[in-house]
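**Student:** Note that UniProt numbering gives residue 19 to position 19 of the sequence shown, counting from 1, and the numbers run on in steps of one.
Yeah, the Cβ is synthetic: ideal placement off N, Cα and C, and Gly gets one too.
What you are looking at is a predicted structure, and each value in this text was computed from that prediction instead of being measured.
Just dropping this structure here.
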Amino acid sequence: MQRLWISSFFIVKLRDGYEIILRTLLAEYARYVFLCMIG
């Protein structure tokens, strides 16, 4: 039971980290496209 709780906790943490990485990548990509359009 303890093990299951730990693994589910890690899955939630991983998902949160993945979301943050995805948002960061999207922000970088949007900035790149924006700069290309201006430049």
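Roughly how many whole angstroms lie between the Cα atoms of residue 23 and residue 34?
**Tutor:** Residue numbering aside, residue 23 sits at position 23 when the sequence shown is read from its first letter. Residue numbering aside, residue 34 sits at position 34 when the sequence shown is read from its first letter. Approximately 16 Å between the Cα atoms of the pair.
**Student:** Where does residue 17 sit, in a helix, a strand or coil, going by DSSP?
**Tutor:** Numbered from 1 along the sequence shown, position 17 holds the residue referred to as residue 17. The answer is helix: DSSP assigns residue 17 an H, G or I state.
**Student:** May I have the straight-line CA-CA distance separating residue 4 from residue 11, to the nearest angstrom?
**Tutor:** Here residue 4 refers to the residue found at position 4 when the sequence shown is read from its first residue. Here residue 11 refers to the residue found at position 11 when the sequence shown is read from its first residue. Taking the straight line from one Cα to the other gives about 11 Å.
**Student:** Residue 28 to residue 2, Cα distance in whole Å?
**Tutor:** On the sequence shown, position 28 is the one that residue 28 refers to. On the sequence shown, position 2 is the one that residue 2 refers to. Taking the straight line joining both Cα atoms gives about 39 Å.
**Student:** Roughly how many angstroms separate the alpha carbons of residue 19 and residue 13, rounded to a whole number?
**Tutor:** Residue 19 sits at position 19 when you count from the first residue of the sequence shown. Residue 13 sits at position 13 when you count from the first residue of the sequence shown. About 10 Å.
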